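**Q** Read in the UniProt record's numbering, the sequence shown has 78 at position 78, and its numbers run on one by one without any break.
Note that the Cβ used here is the ideal one computed from N, Cα and C, for glycine as well.
Since the structure is predicted, the reported quantities are computational estimates derived from the model, not experimental observations.
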Amino acid sequence: MFFSLYPYSLSSSSFFFFFIFFASPLQCILSRTLQHHHLSFAASVPTTISILDERSFQRFVQASRGSHITGISHIKRYFSHFGYLPLQNITSLSDDFDEGFELALVQYQQNLGLVVTGRLDSDTLNQIVTPRCGVPDMGHGHHHHNGLHSTKNFMYFPGKPRWVRSMPMTLTYAISPENMIRNLSLREIREAFKRAFSRWASVIPVSFVEAEDYAFADIKIGFYSGDHGDGEPFDGILGVLAHSFSPESGRLHLDAAETWAVNFRSEKSPVAVDLESVATHEIGHLLGLSHSTMKEAVMYPSLKPRDKRAELNMDDIKGVQSLYGSNPNFKYESSLESDMSANEASDLVGSKSLRIFLHSFFMFSLVHIFGLCL
Ligand SMILES: [Zn+2]
Ligand SMILES: [Zn+2]
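#1: Using three-state DSSP, classify ARG251 as helix, strand or coil.
#2: Spatial neighbours of VAL106 within its chain, please: C-beta separation below 6 Å, excluding the five flanking residues on both sides.
#3: To the nearest angstrom, how far is it from the Cα of ILE219 to the Cα of SER277?
#4: Can you say whether GLY350 is buried or exposed, counting buried as having 16 or more other CB atoms within 10 angstroms of its CB?
#5: Give me the residue from PRO205, LEU112, GLU267 with the minimum Cα distance to ASP307.
#6: Report yes or no: do the stretch 269–289 and the stretch 232–246 share at least 3 C-beta pairs separated by less than 8 Å?
#7: In the DSSP assignment, find the beta strand (DSSP E) that holds SER244 and state where it starts and stops.
#8: Given that a residue counts as buried once 16 or more other Cβ atoms are within 10 Å of its Cβ, and exposed if not, what is GLU99?
#9: I'd like the list of long-range same chain contacts for PHE223, defined as Cβ closer than 7 Å, with 5 residues on each side in sequence excluded.
#10: Give a yes or no on whether the C-beta atoms belonging to ILE69 and ARG59 are separated by under 8 Å.
#11: What's the C-alpha gap between HIS144 and GLN321?
#12: Please report how far the alpha carbon of PHE79 lies from the alpha carbon of TYR108, in whole angstroms.
#13: Within 10 angstroms of the Cβ of GLU282, are there 16 or more other Cβ atoms? Answer buried if so, exposed if not.
#14: Which residues end up in the neighbourhood of ligand 2 when you take C-beta atoms closer than 6 Å to any of its heavy atoms?
#15: For ligand 1, is there any heavy atom lying closer than 7 Å to the beta carbon of LEU68?
#16: Are the CB atoms of GLN127 and SER302 nearer to each other than 8 Å?
#17: Identify, in the order they occur along the chain, each residue of the same chain with its Cβ nearer than 6 Å to the Cβ of LEU112, setting aside the five sequence neighbours on each side.
#18: Closer than 7 Å: is that where the CB of HIS285 sits relative to any heavy atom of ligand 1?
#19: If you reduce the DSSP assignment to three classes, tell me which class HIS68 lands in.
#20: Which same chain residues end up closer than 6 Å to ARG132 when comparing Cβ atoms and leaving out the 5 residues on each side of it in sequence?
#21: Does any heavy atom of ligand 1 sit closer than 7 Å to the C-beta of PRO158?
#22: Using 10 angstroms around the beta-carbon of ALA201, count the other beta-carbons present and answer buried if the total reaches 16, otherwise exposed.
#23: Quick one: what's got a C-beta closer than 7 Å to SER353's C-beta in the same chain, skipping five residues either side?
#24: Note down, in chain order, each residue of its chain lying with its Cβ closer than 6 Å to the Cβ of ARG162, except the 5 sequence neighbours on either side.
#25: Do you know how far the Cα of PRO270 is from the Cα of TYR173?
#26: Indicate, with yes or no, if ligand 1 has a heavy atom lying under 7 Å from the CB of HIS291.
This is the structure:
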């Protein structure tokens, strides 16, 4: 965990760029691919906190290959964590803007759908500090063209794992009664997940049924804090929001430190995170989808506080249907309509007063924001 997060756009008028560095990320990084693997012990203790101001931000923006800029090593650590640099270099990361870093930066920009500049431009820095899913990004950012006007941005996990059952299949899920949060009721959480599962079920011949018994559910959902035994400690407020595992693991974990929300009208926190959007995204991983490079897709890795992106995009639908086939009731036209009408951010972040509030929040509370371990 090492890094920072700033919940609204960094622009030329947004001056502060916070980095919170955590010094011992190595153990937690070792098992970070979130494949179906044995759990490993992980520990990550935040030991150093550093705040970079506008001057540091400007230094990053002006850096290019050959530059030596204090703080580059932390961005390298971030890239390592999310799959852009080899893990074994983590202990000896330099502040050099070297060739390997430039290649990682280019691939990151491709995968996140940014303009590929090979520089730490403000859009890229802004993306780096946006809260995101803890699952590393896969693939190489290539866009495959499937014919006229058709581009696919979705990706799979290595080996293209999926649930193998006879079709149509039913998967059971359950929400852990022991790993809960307090600010939402169990009923609100269950309803948010029910809607999230139903979106995927409407496009593929897979149905999801809430199990009576958590122990026997195919999909196990829970809210966890910090190190919770799977080698992927959560990092506190924002930073990494959630993670889940590729088929057929069925584990879906949400960071209990977030202010999870089902209704932004009643939840006023500037760092509130839409539960349904994150649930829908993580279910995509459970089904076998990796991250998409398309910003409008549910499977795009990041989500700003108070944003909603819960409606499946055609990119998500094509991705999951190539794993499971189409639901016989799925109609292409109806999903096109939802593509156009859905996913409008319920955005309060644009208002000036909220920006000031957010700024103060980050100045004074120093939450550890970017957890490295995903
Ligand atoms: Zn994800
Ligand atoms: Zn976990």
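**A** Once the coordinates are examined:
#1: The sequence position of residue 251 within the sequence shown is 251, counting from 1. Note: ARG251 maps to strand in three-state DSSP.
#2: For this step, residue 106 is matched to residue 106 along the sequence shown. These residues qualify, in order along the chain: VAL116, GLY118.
#3: Sequence index remark: in the sequence shown, residue 219 carries index 219 (1-based). Sequence index remark: in the sequence shown, residue 277 carries index 277 (1-based). Using only the alpha carbons, I get a separation of about 18 Å.
#4: Locating residue 350 in the sequence shown gives position 350, counting from the first residue. Low confidence applies to GLY350: its pLDDT is 39, below 50, so where it sits in the model is not reliable, and the reading given next is rough at best. When all chains shown are included, GLY350 counts as exposed.
#5: Counting from one through the sequence shown, the residue named residue 307 turns up at place 307. For the residues PRO205, LEU112, GLU267, the minimum Cα distance to ASP307 belongs to GLU267.
#6: At 8 Å Cβ cutoff, the stretches touch.
#7: What you label residue 244 is simply residue 244 of the sequence shown in a count that begins at 1. Membership of SER244 in the beta strand (DSSP E) is indicated by the continuous run 242–244.
#8: Reading the sequence shown from its first residue, position 99 is the one you call residue 99. Around the beta-carbon of GLU99, fewer than 16 other beta-carbon atoms lie within 10 Å, marking it exposed.
#9: Reading the sequence shown from its first residue, position 223 is the one you call residue 223. Correct list, in chain order: ASN179, MET180, ILE181, LEU254, ALA256.
#10: Translated into the one-based positions of the sequence shown, residue 69 becomes position 69. Translated into the one-based positions of the sequence shown, residue 59 becomes position 59. The criterion of a C-beta distance shorter than 8 Å is satisfied by ILE69 and ARG59.
#11: Here residue 144 refers to the residue found at position 144 of the sequence shown. Here residue 321 refers to the residue found at position 321 of the sequence shown. Residue placement at HIS144 is flagged as unreliable, the pLDDT there being 46, under the threshold of 50; a coordinate-derived value is accordingly withheld.
#12: Within the sequence shown, residue 79 is the residue found at index 79, counting from 1. Within the sequence shown, residue 108 is the residue found at index 108, counting from 1. Rounded to the nearest angstrom, the two C-alpha atoms are 8 Å apart.
#13: Counting from 1 along the sequence shown, the entry for residue 282 is found at position 282. By the neighbour-count definition (other C-beta atoms within 10 Å, threshold 16), GLU282 is a buried residue.
#14: Chain-ordered list of matching residues: TYR224, HIS228, ASP230, GLU232, HIS243, HIS253.
#15: For the purposes of this step, residue 68 is taken as residue 68 along the sequence shown, with counting starting at 1. A small correction: the amino acid at residue 68 is His; Leu does not occupy that position in the sequence shown. No, the Cβ of HIS68 stays beyond 7 Å of every heavy atom of ligand 1.
#16: On the sequence shown, residue 127 is found 127 positions in, with the first residue counted as 1. On the sequence shown, residue 302 is found 302 positions in, with the first residue counted as 1. In this structure, the beta-carbon distance from GLN127 to SER302 falls below 8 Å.
#17: Sequence index remark: in the sequence shown, residue 112 carries index 112 (1-based). So the qualifying residues of the chain are GLN127.
#18: The sequence position of residue 285 within the sequence shown is 285, counting from 1. Yes, the Cβ of HIS285 comes within 7 Å of a heavy atom of ligand 1.
#19: What you label residue 68 is simply residue 68 of the sequence shown in a count that begins at 1. DSSP places HIS68 in strand when its eight states are reduced to three.
#20: The residue you call residue 132 lines up with position 132 of the sequence shown. PRO301, SER302, listed in sequence order.
#21: On the sequence shown, residue 158 is found 158 positions in, with the first residue counted as 1. Distance from the C-beta of PRO158 to the nearest heavy atom of ligand 1 is not below 7 Å.
#22: Residue numbering aside, residue 201 sits at position 201 when the sequence shown is read from its first letter. ALA201 should be labelled buried.
#23: Working through the sequence shown from its first residue, we reach residue 353 at position 353. Confidence at SER353 is low in this model, with a pLDDT of 42, below 50, so its placement is unreliable and the value that follows should be read with caution. Here the set comprises nothing.
#24: In the sequence shown, residue 162 corresponds to position 162, counting from 1. Excluding residues within five positions, the ones whose Cβ falls inside 6 Å are PRO247, GLY288, LEU323.
#25: In the sequence shown, residue 173 corresponds to position 173, counting from 1. In the sequence shown, residue 270 corresponds to position 270, counting from 1. Straight-line spacing of the CA atoms in TYR173 and PRO270 works out to 31 Å.
#26: Locating residue 291 in the sequence shown gives position 291, counting from the first residue. Shortest gap from the CB of HIS291 to any heavy atom of ligand 1: under 7 Å.
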